[in-house]
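Peer 1:
Protein chains: 2
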Amino acid sequence: MKLYEQVATELGSRIEQGFYRCGDRLPSIRALSREHGVSVATVQEAYRLLEDQGLAQPKPKSGYYVRLRPATPQLPEISRPAQRPLEVSHWEHVLDLLCSGETPGVLSLGRGMPDITATTLKPLQRALSEGKRGDSLRGFAYDSLQGSPELRQQVARLSIDAGCKLHPDDIVITTGCQEALSASIRAVTQPGDVVAVDSPSFFGSMQAIKAFGLKAMEIPTDPVNGISLEALELALEQWPIRAIQVTPTCNNPLGYTMPETRKRQLVSLAQRFDVAIIEDDIYGDLSFQFPRPRSIKSFDIDDRVLLCSSFSKVLAPGLRVGWAAPGRYRDQVMHMKYVGTAASSTLPQLAVAEFIEKGGYERHLRRMRAQYLDGRDQMIAAVERYFPAGTRISYPQGGFLLWVELPGDIDTLQLNDRLQPNGIRIGPGVLFSASGKYRNCMRLNFSDKPSAAQDRALQQVGIEVQQMLQEIDRVA
Amino acid sequence: MKLYEQVATELGSRIEQGFYRCGDRLPSIRALSREHGVSVATVQEAYRLLEDQGLAQPKPKSGYYVRLRPATPQLPEISRPAQRPLEVSHWEHVLDLLCSGETPGVLSLGRGMPDITATTLKPLQRALSEGKRGDSLRGFAYDSLQGSPELRQQVARLSIDAGCKLHPDDIVITTGCQEALSASIRAVTQPGDVVAVDSPSFFGSMQAIKAFGLKAMEIPTDPVNGISLEALELALEQWPIRAIQVTPTCNNPLGYTMPETRKRQLVSLAQRFDVAIIEDDIYGDLSFQFPRPRSIKSFDIDDRVLLCSSFSKVLAPGLRVGWAAPGRYRDQVMHMKYVGTAASSTLPQLAVAEFIEKGGYERHLRRMRAQYLDGRDQMIAAVERYFPAGTRISYPQGGFLLWVELPGDIDTLQLNDRLQPNGIRIGPGVLFSASGKYRNCMRLNFSDKPSAAQDRALQQVGIEVQQMLQEIDRVA
Ligand SMILES: Cc1ncc(COP(=O)(O)O)c(C=O)c1O
Ligand SMILES: Cc1ncc(COP(=O)(O)O)c(C=O)c1O
Numbered sequence: 001m002k003l004y005e006q007v008a009t010e011l012g013s014r015i016e017q018g019f020y021r022c023g024d025r026l027p028s029i030r031a032l033s034r035e036h037g038v039s040v041a042t043v044q045e046a047y048r049l050l051e052d053q054g055l056a057q058p059k060p061k062s063g064y065y066v067r068l069r070p071a072t073p074q075l076p077e078i079s080r081p082a083q084r085p086l087e088v089s090h091w092e093h094v095l096d097l098l099c100s101g102e103t104p105g106v107l108s109l110g111r112g113m114p115d116i117t118a119t120t121l122k123p124l125q126r127a128l129s130e131g132k133r134g135d136s137l138r139g140f141a142y143d144s145l146q147g148s149p150e151l152r153q154q155v156a157r158l159s160i161d162a163g164c165k166l167h168p169d170d171i172v173i174t175t176g177c178q179e180a181l182s183a184s185i186r187a188v189t190q191p192g193d194v195v196a197v198d199s200p201s202f203f204g205s206m207q208a209i210k211a212f213g214l215k216a217m218e219i220p221t222d223p224v225n226g227i228s229l230e231a232l233e234l235a236l237e238q239w240p241i242r243a244i245q246v247t248p249t250c251n252n253p254l255g256y257t258m259p260e261t262r263k264r265q266l267v268s269l270a271q272r273f274d275v276a277i278i279e280d281d282i283y284g285d286l287s288f289q290f291p292r293p294r295s296i297k298s299f300d301i302d303d304r305v306l307l308c309s310s311f312s313k314v315l316a317p318g319l320r321v322g323w324a325a326p327g328r329y330r331d332q333v334m335h336m337k338y339v340g341t342a343a344s345s346t347l348p349q350l351a352v353a354e355f356i357e358k359g360g361y362e363r364h365l366r367r368m369r370a371q372y373l374d375g376r377d378q379m380i381a382a383v384e385r386y387f388p389a390g391t392r393i394s395y396p397q398g399g400f401l402l403w404v405e406l407p408g409d410i411d412t413l414q415l416n417d418r419l420q421p422n423g424i425r426i427g428p429g430v431l432f433s434a435s436g437k438y439r440n441c442m443r444l445n446f447s448d449k450p451s452a453a454q455d456r457a458l459q460q461v462g463i464e465v466q467q468m469l470q471e472i473d474r475v476a
Numbered sequence: 001m002k003l004y005e006q007v008a009t010e011l012g013s014r015i016e017q018g019f020y021r022c023g024d025r026l027p028s029i030r031a032l033s034r035e036h037g038v039s040v041a042t043v044q045e046a047y048r049l050l051e052d053q054g055l056a057q058p059k060p061k062s063g064y065y066v067r068l069r070p071a072t073p074q075l076p077e078i079s080r081p082a083q084r085p086l087e088v089s090h091w092e093h094v095l096d097l098l099c100s101g102e103t104p105g106v107l108s109l110g111r112g113m114p115d116i117t118a119t120t121l122k123p124l125q126r127a128l129s130e131g132k133r134g135d136s137l138r139g140f141a142y143d144s145l146q147g148s149p150e151l152r153q154q155v156a157r158l159s160i161d162a163g164c165k166l167h168p169d170d171i172v173i174t175t176g177c178q179e180a181l182s183a184s185i186r187a188v189t190q191p192g193d194v195v196a197v198d199s200p201s202f203f204g205s206m207q208a209i210k211a212f213g214l215k216a217m218e219i220p221t222d223p224v225n226g227i228s229l230e231a232l233e234l235a236l237e238q239w240p241i242r243a244i245q246v247t248p249t250c251n252n253p254l255g256y257t258m259p260e261t262r263k264r265q266l267v268s269l270a271q272r273f274d275v276a277i278i279e280d281d282i283y284g285d286l287s288f289q290f291p292r293p294r295s296i297k298s299f300d301i302d303d304r305v306l307l308c309s310s311f312s313k314v315l316a317p318g319l320r321v322g323w324a325a326p327g328r329y330r331d332q333v334m335h336m337k338y339v340g341t342a343a344s345s346t347l348p349q350l351a352v353a354e355f356i357e358k359g360g361y362e363r364h365l366r367r368m369r370a371q372y373l374d375g376r377d378q379m380i381a382a383v384e385r386y387f388p389a390g391t392r393i394s395y396p397q398g399g400f401l402l403w404v405e406l407p408g409d410i411d412t413l414q415l416n417d418r419l420q421p422n423g424i425r426i427g428p429g430v431l432f433s434a435s436g437k438y439r440n441c442m443r444l445n446f447s448d449k450p451s452a453a454q455d456r457a458l459q460q461v462g463i464e465v466q467q468m469l470q471e472i473d474r475v476a
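From first to last, the protein sequence lines stand for chains A and F.
Quick note: the first sequence uses the UniProt record's numbering, first residue 1, plus one each step.
Quick note: the second sequence uses the UniProt record's numbering, first residue 1, plus one each step.
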C-alpha cells in the first residue's frame, strides 16, 4: 500500500466510524501532513482518493468536508414482469422520446444524454479537428472492418479497470453501443428465439429483439441486486432461451450495480444452461465506486460473454464510437457488423484513441463521476421534496439516470402529454418493458449541473402528478 | 438553348459525323470565338460541356482534342445463374477481400476504393476539421435519428439530377450505403423470404440477405441492358419474391447502365407483382454520361422504390455517410436504422453538407468523372494487351470497376492465391454470386491514376493467367 493510500484508509475509516460526520470539515492538508509526517503532496493525493471514493468533497478555498450522503431513498420493489416470452412493442413511444431531445425549447428530462459541456472534453475536440497529423487521408479511407488498431489498443487497456484482460484482437469497434448490442443479439440467435432480459430494460436492446423477430422474457429485477437469479433459473428451465441480455453495472434505468458474487453466479448459470450473456457495460466506468466494479466479462472463463459498450455516456454520443468484445462469437459479430455498416467512421475513432492515450479519458471521468454523484443526490432530494408521498426512487450507483415509481394509478404517458405545454418531457416507464409494465414509472436524467430551471421543472412535474392523483381520487 | 450549348451542339455533331476524328486537335478557343462571333468565355464553357459529355479532352498547354474512344471490348455474355432461390455463401472470401486492402505493400486491384487523393477534396477536409463554427458542441450530441437536416436538404437537392424530387423528410441518413441497404432489405422482408437480385451482384447486399435468413434469387443479367426483365418476370411468377434488389446505374461489378425504358418497365413489373424495389445508386453520379442517367426511383409513382446511396464512391468511404429514400417504407427503415446504430456520426454529416452547399461536390465530381473515364480506357487497353485471347471485358458506363471474364476453366480464387507472393490481389468472381458462379471472373479497380506499377501488376496477372491456362491444357 502506498503512503497516500495509507493516509486515505485511516481517514476513511475514521469517517466510516462516525468520528467525522456528514458535512463536517476535515483536517487541513497542512495539519494532516504534520500529523502523519508526510508531504503535502501525499495528503493531497490521499484526499483525491477519498474524493473518488465518494467520502470527501472539496469546497473552493475552504478545504475538504465529509460528503453529505443522503439516506437511501425509499426504493422501488423488485419488479414483476409478465411470466412468459413476449414480443416487444412501444416503438412509437421510443421514437417520441428520441425526437423530444431535438425540439428547441423543450427540457427533455428523460433522455440519455451525458453532459458534453465539460472543459475536460476540450482535448477531444482538438483531436477531432486536427485529425491524425501527417496521415490526413486516413479519415477518408475505409477503416478496417474490425476497427482502428490504435483504438482497439486503448479499449483493451481500459478494460483492465473492469477486471478484463482483453487483447486488441478480441475487440470489434462498432457504431455506438447500439450496433454492438444489435450485432451481438443477432450473432447468437435465430428468429423465434427467446432472449432473457433484466426488467425494466434499456429500450434499444429491446427494440433490437423486436426487429429480429425474437421474443423477450423479462425477468424480475431487484433495485439493489439486479436480475433475480432464482427467477432467471426457472425461466431457463422453462423456455428456449438462447441469450441473457443484462446491464449489470450502473444499470439503465434502475441504477444498481449487481454485486460481484451475483455476477459470478450469473456466469455459472449461463454455463449450466449453455446460453450466451450479452453484457451492456456502457455506464460501467461512470460507477461512483472507485476503482470501478468488475464486469461480468471478467468472470467469463469459457468466452460466452459478449461485452458491449461505447464512449457515448462517458464522452460524447455524437461520435458513435462503441465496441464489442464478443468472445467465441467474434466471427459472427464481425459478419453482422459488416452487414450492418461495413465499417465505422474513421476520424472519430482516431480522435478517441488519441484522447485516451494522452490521459484525457481518466481526467474527464474523474470530473464527471463527481458531478453525477452530486447530481444524483440533488435530484433525489428534489423528487423527495416535490413528489407525493409513496413515490419510490432508485439509488443509482453510477451513471446519470434516475428511476421514479409513482404511487397510485398514474400513467406517465399521460403525464408526459400534460407536461408538453410546459415544454417538459420525461421518459415514460412503458418504454422499458415488452409487456407494457411500468406505466406508473419514469426515467429522469441528472447529467446536467443542477440548475434553477431543472429544479423548477421537477417541481412542475410534482405538481402535475399531485393533480393527477387528485383527479383519480375524485373519480374513484 | 444557351449560347455555349449551341456552340457545343454544333461542334459535337461535327465530331459525331466524323468531321474531326479520334485524337484530332479541335479548333482553338480563339478561332471558334471568331468563327461563331461569341466570347472566349462562351467557347470555354462549350468545351467544358463537351468534356463532360466525353467528346473532347483538354491537353495541358495545347488545347482540346477529340477524345480517343476505344472500340467496345468483347463483352461477357448474359449471365446464367442458378434457377432457384439460394442461400448466400462465401463470407470468408468477402472477408479476405476486405482485409486485403489493409495489408501494407499489397496492391489490392479488386477493392472498391475511389481515389481519395484528389485536391478537389481539400475543402471537405477543411470542413471536417473546422466542424460547424459557433456550434462546436453539436458534433458531441446524438444527431437526429433521421439525420442532420442540413445534409438531408443537400441530398434532396442533388437528387434532382437523377430525376427525383425528394423532400428532405423523405430521406434517412445512414452509416454508409451498406446500412441503407441492410435496413431496406430488413424493412421489406421476413426471414425465409426471397429477394431477386441482378447477377453478378454486390456482395454487401448479398451478405445482408444471408444474415437476415433470406434467400437470393439470382436473375440473368445482360452486360449492356442489366437485369433480364423476361427472366425476372418468370421468377416473380414462380417464387415468393418480396423485393428486387438491383444496382441499375453504373452497376457494380458489370458497369452497365440500364436504359431508361427498362428502368420504367422494371417499375411496372414490381407494381404488377406488388413487390418492393431496392435500388442501389451508389455509383450513379459517377456516370460518364452527362447529365447523369435517371434513377429507377424517378419513375416510382407509388412509393415502392427504396433508393440507397452514399458518398463513399464519389467522395470518401471513411466518412460513412449514406442515405436511403425508402418511400412508403420510411417508418420501417427508421426502426431498422435505430436498432442498427441509433444515429450516425454527426460531424461527417455536417462536413459533407457544407462541402456540397459550397459547390465542392460538383467540382470534385467533374474531375473524377474525367479521371475514371481515362482510367477505364487505359485499363481495358492493358487487359486486352496482357490477358489471353478469349478474355471478355465489361465496358463500364461510369464508376471505376471493371469485370473480366477469363477463358477456360481458370479459378480466380486460385489465381488470387498465386498472385499473393507478388503482393497483388484481385476481386474473385465468386463473391458476386450466391451459387458459386463466376469462378472464372474477377473485378478490377481503375480509380487510381494510371501508373507504371498498376500496369506491371496487370501484366503480372496476365502472365499468371497464361500459365494457369497452359497447366490446364497440359493436364487435359
Ligand atoms: C444501457 C444502454 N445501452 C446502450 C445504449 C446505446 O448507446 P450508444 O449511443 O453508444 O449506441 C444506451 C443509450 O441510451 C444505453 O442507455
Ligand atoms: C454497389 C455498392 N453498394 C454499396 C456499397 C457500400 O457502400 P458504403 O461504403 O457506403 O457502405 C458498395 C461498396 O463497395 C457498393 O459497391
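Don't be surprised by glycine CBs; every beta carbon is placed ideally from N, CA and C.
Kindly indicate which three-state DSSP category residue 177/A falls into: helix, strand or coil?
Peer 2: Position 177 of the first sequence, counted from the first residue, corresponds to residue 177/A. Correct three-state label for residue 177/A: helix.
Peer 1: What three-state label does DSSP hand residue 440/F in the structure shown?
Peer 2: Sequence index remark: in the second sequence, residue 440/F carries index 440 (1-based). Note: residue 440/F maps to coil in three-state DSSP.
Peer 1: Should residue 252/F be counted as a contact of ligand 4 given a C-beta to heavy atom distance under 6 angstroms?
Peer 2: No copy of ligand 4 occurs in the structure displayed; its ligands are ligand 1 and ligand 2 alone.
Peer 1: Comparing alpha-carbon positions, which option in 143/A, 129/A, 138/A lies nearest residue 137/F?
Peer 2: Taking the first residue of the second sequence as 1, we reach residue 137/F at position 137. Out of 143/A, 129/A, 138/A, 129/A has the C-alpha closest to the C-alpha of residue 137/F.
Peer 1: Does residue 207/A get closer than 7 angstroms to chain F when you measure Cβ to Cβ?
Peer 2: Here residue 207/A refers to the residue found at position 207 of the first sequence. Answer yes: the Cβ-Cβ gap between residue 207/A and chain F drops below 7 angstroms somewhere.
Peer 1: Using a 10 Å radius around the Cβ and a threshold of 16 neighbouring Cβ atoms, would you call residue 209/F buried or exposed?
Peer 2: Within the second sequence, the letter at position 209 stands for residue 209/F. With 16 or more Cβ atoms within 10 Å of its Cβ, residue 209/F is classed as buried.
Peer 1: Thinking C-alpha only, which one of 395/F, 420/F, 144/F is nearest residue 373/F?
Peer 2: As a position in the second sequence, residue 373/F is number 373, starting the count at 1. The shortest C-alpha separation from residue 373/F is found at 395/F.
Peer 1: Can you tell me whether residue 242/A is helix, strand or coil according to DSSP?
Peer 2: Sequence index remark: in the first sequence, residue 242/A carries index 242 (1-based). Three-state DSSP puts residue 242/A in a strand.
Peer 1: The beta strand (DSSP E) with residue 278/F in it runs from where to where?
Peer 2: In the second sequence, residue 278/F corresponds to position 278, counting from 1. Its beta strand (DSSP E) spans residues 276-280.
Peer 1: Is residue 151/F closer than 7 angstroms to residue 523/F when the C-beta atoms are compared?
Peer 2: With chain F running from 1 to 476 in the structure shown, residue 523/F is simply not present.
Peer 1: How about the region 444-461 of chain F and the region 403-420 of chain F: do they share at least three Cβ pairs that are nearer than 8 angstroms?
Peer 2: Yes: at least three Cβ pairs fall under 8 angstroms.
Peer 1: I'd like to confirm the pairing. Which residues does DSSP put opposite residue 428/A in its beta bridges?
Peer 2: To locate residue 428/A, count along the first sequence from 1; it is residue 428. Looking at the DSSP assignment, residue 428/A forms a beta bridge with 442/A.
Peer 1: At a Cβ threshold of 7 angstroms, is residue 142/A touching chain F?
Peer 2: Your numbering for residue 142/A matches position 142 in the first sequence. Residue 142/A counts as touching chain F.
Peer 1: For ligand 2, any of its heavy atoms closer than 6 angstroms to the Cβ of residue 204/F?
Peer 2: Working through the second sequence from its first residue, we reach residue 204/F at position 204. Yes; taking the cut-off as 6 angstroms, the Cβ of residue 204/F has a heavy atom of ligand 2 nearer than that.
Peer 1: Just mark residue 167/A as buried or exposed, buried being the case when its beta carbon has 16 or more other beta carbons within 10 Å.
Peer 2: As a first step, residue 167/A must be located in the first sequence, where it is residue number 167. By the neighbour-count rule (16 or more Cβ atoms within 10 Å), residue 167/A is not buried but exposed.
Peer 1: How would you label residue 431/F, buried or exposed, when you count the other beta carbons within 10 angstroms and need 16 or more for buried?
Peer 2: On the second sequence, position 431 is the one that residue 431/F refers to. So residue 431/F ends up on the buried side.
Peer 1: Evaluate the contact criterion for the region 335-352 of chain A versus the region 193-201 of chain A: three or more CB pairs, one atom per stretch, below 8 angstroms.
Peer 2: No: fewer than three Cβ pairs fall under 8 angstroms.
Peer 1: Give the range of the alpha helix (DSSP H) segment to which residue 338/A is assigned.
Peer 2: In the first sequence, the residue the question calls residue 338/A occupies position 338. Where residue 338/A is concerned, the enclosing alpha helix (DSSP H) stretches over 330-341.
Peer 1: Would the region 322-332 of chain F count as touching the region 178-186 of chain F if we require 3 or more Cβ pairs under 8 angstroms?
Peer 2: Touching, yes, given that three or more Cβ pairs across the two stretches are closer than 8 angstroms.
Peer 1: Please list, in chain order, the residues of the region 330-361 of chain F that have any C-beta partner in chain A closer than 8 angstroms.
Peer 2: Residues 334, 335, 336, 338, 339, 340, 341, 342, 343, 344, 345, 346, 347, 348.
Peer 1: Taking its Cβ as the centre, do 16 or more other Cβ atoms sit within 10 Å of residue 77/F, making it buried, or is it exposed?
Peer 2: By one-based count along the second sequence, residue 77/F stands at place 77. When all chains shown are included, residue 77/F counts as exposed.
Peer 1: Look at residue 223/A and residue 97/A and say whether their C-beta atoms are less than 7 angstroms apart.
Peer 2: Working through the first sequence from its first residue, we reach residue 223/A at position 223. Working through the first sequence from its first residue, we reach residue 97/A at position 97. No. Outside cutoff.
Peer 1: Name the chain F residues that come within less than 7 angstroms of residue 191/A, Cβ to Cβ?
Peer 2: Taking the first residue of the first sequence as 1, we reach residue 191/A at position 191. By Cβ distance, chain F contributes 191, 213.
Peer 1: Just curious, the beta strand (DSSP E) that residue 56/F is in, first and last residue?
Peer 2: The residue labelled residue 56/F in the question sits at position 56 within the second sequence. Element bounds for residue 56/F: 56-59.
Peer 1: Are the Cβ atoms of residue 399/F and residue 298/F separated by less than 7 angstroms?
Peer 2: Numbered from 1 along the second sequence, position 399 holds the residue referred to as residue 399/F. Numbered from 1 along the second sequence, position 298 holds the residue referred to as residue 298/F. No, these two residues do not count as a Cβ contact at 7 angstroms.
Peer 1: Pull up the DSSP beta-bridge partners for residue 215/A, would you.
Peer 2: As a working note, residue 215/A is residue 215 in the first sequence. Looking at the DSSP assignment, residue 215/A forms a beta bridge with 194/A.
Peer 1: Between residue 322/A and ligand 1, is there a pair consisting of the residue's CB and a ligand heavy atom that are separated by less than 6 angstroms?
Peer 2: In the first sequence, residue 322/A corresponds to position 322, counting from 1. Yes.
Peer 1: Using a cut-off of 8 angstroms between C-beta atoms, extract the partners of residue 318/F located in chain A.
Peer 2: Here residue 318/F refers to the residue found at position 318 of the second sequence. Ordered by position in chain A, the residues that pass the 8 angstroms Cβ test against residue 318/F are 138, 139, 140, 141, 142, 143, 343, 345, 346, 347.
Peer 1: Have a look at residue 112/F and residue 5/F and give me their C-alpha separation to the nearest angstrom.
Peer 2: Taking the second sequence and counting its residues from 1, the one referred to as residue 112/F is at position 112. Taking the second sequence and counting its residues from 1, the one referred to as residue 5/F is at position 5. Cα to Cα, residue 112/F sits roughly 35 angstroms from residue 5/F.
Peer 1: By the 8 angstroms beta-carbon criterion, what residues does the region 93-111 of chain A contribute toward chain F?
Peer 2: Of all residues in the region 93-111 of chain A, 94, 95, 98, 99, 101, 102 have a Cβ within less than 8 angstroms of some Cβ in chain F.
Peer 1: Restricting to Cα atoms, I'd like to know which of 419/F, 409/F, 445/F is closest to residue 470/F.
Peer 2: Here residue 470/F corresponds to residue number 470 of the second sequence, with the count starting at 1. Of the listed residues, the one whose Cα sits closest to residue 470/F is 409/F.
Peer 1: Leaving out five residues before and five after residue 472/F in sequence, what residues of the same chain have Cβ atoms less than 8 angstroms from its Cβ?
Peer 2: Counted from its first residue, the second sequence places residue 472/F at position 472. Excluding residues within five positions, the ones whose Cβ falls inside 8 angstroms are 408, 409, 410.
Peer 1: Is residue 67/F buried or exposed, if buried means 16 or more other CB atoms sit within 10 Å of its CB?
Peer 2: Translated into positions along the second sequence, residue 67/F becomes position 67. So residue 67/F counts as buried.
Peer 1: Residues in the same chain with beta-carbon distance under 7 angstroms from residue 118/A, minus the five sequence neighbours each way, listed in chain order, please.
Peer 2: For the purposes of this step, residue 118/A is identified with residue 118 of the first sequence, where counting begins at 1. These residues qualify, in order along the chain: 364, 367, 368.
Peer 1: So is residue 180/A buried or exposed if we call it buried at 16+ other beta carbons inside 10 Å?
Peer 2: In the first sequence, the residue the question calls residue 180/A occupies position 180. Looking at its Cβ environment, which holds 16 or more other Cβ atoms inside 10 Å, residue 180/A is buried.
Peer 1: Could you name the residues of the same chain whose beta carbon sits closer than 6 angstroms to that of residue 258/A, not counting the 5 residues immediately before and after it, in chain order?
Peer 2: For the purposes of this step, residue 258/A is taken as residue 258 along the first sequence, with counting starting at 1. Excluding sequence neighbours, residue 258/A sits near 226, 248.
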